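I have placed the structure first, in the form of structure tokens, so that the comments after it can refer back to it.
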Amino acid sequence: GFGVNETGEAVYLDFASAIQRYGKQEAAIARMENPSAEEILKLGEAVIESKYGNLFQMYEKIVAQDPYKTPMMIYPAVHYTMGGVWVDYNLMTSVEGCYCIGEANFSDHGANRLGASALMQGLADGYFVLPYTIGDYLSNDIRTGKISTDSAEFVEAEKEVSDRVEKLMDIKGTKSVDHFHKLLGKAMWEYVGMARNEEGLKKAMAEIKQIRTDFWNDVRIPGDKYSLNPELEKAGRVADFLELGELFAKDALHRNESCGGHFREESVELDGMQKGEAKRNDTDYAYVAAWEYKGEPADAVMHKEELEFKDIELKQRSYK
6 GFGVNETGEA VYLDFASAIQ RYGKQEAAIA RMENPSAEEI LKLGEAVIES
56 KYGNLFQMYE KIVAQDPYKT PMMIYPAVHY TMGGVWVDYN LMTSVEGCYC
106 IGEANFSDHG ANRLGASALM QGLADGYFVL PYTIGDYLSN DIRTGKISTD
156 SAEFVEAEKE VSDRVEKLMD IKGTKSVDHF HKLLGKAMWE YVGMARNEEG
206 LKKAMAEIKQ IRTDFWNDVR IPGDKYSLNP ELEKAGRVAD FLELGELFAK
256 DALHRNESCG GHFREESVEL DGMQKGEAKR NDTDYAYVAA WEYKGEPADA
306 VMHKEELEFK DIELKQRSYK
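So this is what it looks like as structure tokens:
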């Protein structure tokens, strides 16, 4: 960037120097002798287009300026100031023993609100931070000494885990865990992505159910259950993903509106200033909900809690 506008908020992002740099690099790679300014410009813009073409297209559509020719105006959006759950340095909330990670907390604000960065923040917190910081909270329990495993609850939990591991190892099928993971990913990508519709979501539910059936009949897990086995660990996670994926599709099918990252193609404004934009349905969907596990994703039961707005007016987001 190279400065701010008259409001002191927006930063201009100029790609002119990058276009020149990329253009000269491409000319050198192509062994062009004494390339003209026009040739360098054309080569540089082609590189920028390959990197940011879709973004530039959207920007030009919104502000009616060509970002290849004029600097882009960017400014801090609401994501940077919308708050989050308070956490301490160890990511524990004000509720003792309750931790909040990733996009939901306030501690790494800004960067962790930007799409893929939010995913990375959740992974970083979950895989690399919490395993160490939770130990600080649990350290006091070390002084309590060895905890008995004679309780009925422990025996039941141990048996459930043992039976599940035994079931997975006994399948001895022909397909790897990754094979089923990729099939699930493809179904989620095609039908439960940013844009969803009724037909696609029903297809996803049927496909994922079949993938889950095939998984439990034909997965092959190398190694054994008595030693550290990453493939066995992965199989347990993919088994959970196959249930969660179908539930995601079921939930998206149930929510017949467009809201936030959930865009139903059938729920679009057809006229007026918002024509073509996402259409929210606050009359029927102003609630928070949780699905109760009943053994099969298709049998999950929804529990709803209606939202009540007293101090603010519920409004629909507008991009116009």
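Whatever position you read off the sequence shown (first residue = 1), add 5 for the numbering used here.
Virtual Cβ for every residue (Gly too), placed ideally from N, Cα, C.
Here the structure is a predicted model, which is why all the values come from computation and not from measurement.
Count the other C-beta atoms from every protein chain shown that fall within 10 angstroms of the C-beta of residue i, then say buried if there are 16 or more, exposed otherwise.
i, result
"Ala33", "exposed"
"Glu163", "exposed"
"Arg285", "buried"
"Phe159", "exposed"
"Gly49", "buried"
"Pro136", "exposed"
"Ile24", "buried"
"Gly265", "exposed"
"Gly6", "Note that Gly6 scores a pLDDT of 42, beneath 50, so its modelled location is shaky; the value from the coordinates is reported in the next line. By the neighbour-count rule (16 or more Cβ atoms within 10 Å), Gly6 is not buried but exposed."
"Gln126", "buried"
"Leu247", "buried"
"Ile216", "buried"
"Tyr231", "exposed"
"Pro235", "exposed"
"Val192", "The sequence given here places Ala at residue 192; Val does not occur at that position. Ala192 should be labelled buried."
"Val92", "buried"
"Met77", "buried"
"Tyr196", "buried"
"Val243", "buried"
"Tyr94", "exposed"
Name the one or two DSSP bridge partners that residue i has.
i, result
"Leu258", "For Leu258, which the question treats as bridged, DSSP gives no partner whatsoever."
"Glu251", "Glu251 pairs with nothing; no bridge assigned."
"Leu18", "Met77"
"Lys309", "Ala294"
"Lys180", "Val224"
"Met97", "Tyr104"
"Ala200", "Phe268"
"Val273", "Ala283"
If distances are taken between C-alpha atoms only, which option among the options comes closest to residue i?
i, options, result
"Ser181", "Ala123, Pro76, Lys151 and Gly228", "Gly228"
"Glu238", "Arg217, Leu173 and Phe20", "Leu173"
"Ile213", "Tyr231, Gly107, Lys187 and Pro235", "Lys187"
"Trp221", "Leu143, Tyr196 and His184", "His184"
"Tyr27", "Leu18, Arg36, Ile45 and Ala35", "Ile45"
"Gly190", "Gln321, Ala283, Glu251 and Glu54", "Glu251"
"Thr288", "Asp316, Gln321 and Asn39", "Gln321"
"Leu249", "Gln70, His308, Asn95 and Met210", "Met210"
"Thr179", "Pro72, Lys315, Arg225 and Met307", "Arg225"
"Gly140", "Met97, Leu124 and Ser167", "Met97"
"Ala129", "Asp146, Tyr142 and Glu108", "Glu108"
"Ile176", "Lys207, Ala240, Gln215 and Met78", "Ala240"
"Glu310", "Tyr290, Tyr298 and Glu301", "Tyr290"
"Ala21", "Lys47, Asn39 and Val243", "Lys47"
"Ser263", "Gly198, Asp304, Met37 and Glu313", "Gly198"
"Ile106", "Thr75, Ile79 and Thr138", "Thr138"
"Glu54", "Lys74, Val68, Ile67 and Ala69", "Lys74"
"Pro72", "Tyr94, Cys103 and Phe61", "Phe61"
"His361", "Asn59, Gly58, Lys299 and Asp316", "Nothing can be reported for residue 361: it is not among the residues displayed for the chain, which extend from 6 to 325."
"Pro203", "Asp219, Phe133 and Asn261", "A small correction: the amino acid at residue 203 is Glu; Pro does not occupy that position in the sequence shown. Nearest of Asp219, Phe133 and Asn261 to Glu203, Cα basis: Asn261."
"Pro302", "Thr218, Met278, Phe314 and Leu319", "Thr218"
What distance in whole Å lies between the Cβ atoms of residue j and residue i, which are believed to be in contact at a cut-off of 8 Å?
i, j, result
"Val330", "Gly281", "Nothing about residue 330 can be read from this structure; the chain reaches only from 6 to 325."
"Asp256", "Trp296", "7 Å"
"Asn110", "Gly89", "5 Å"
"Phe327", "Ala283", "Outside the shown range of the chain, which is 6 to 325, sits residue 327, and nothing can be said about it."
"Glu270", "Arg169", "Actually they do not touch by this definition, with Cβ atoms about 38 Å apart."
"Leu258", "Leu206", "4 Å"
"Leu18", "Ile79", "5 Å"
"Glu31", "Val52", "6 Å"
Alpha helix (DSSP H) runs contained entirely in the segment 31–92, provided each spans 4 or more residues
42–68
My parser needs the alpha helix (DSSP H) runs of 4 or more residues fully inside the segment 100–172; what are they?
121–129 and 135–143
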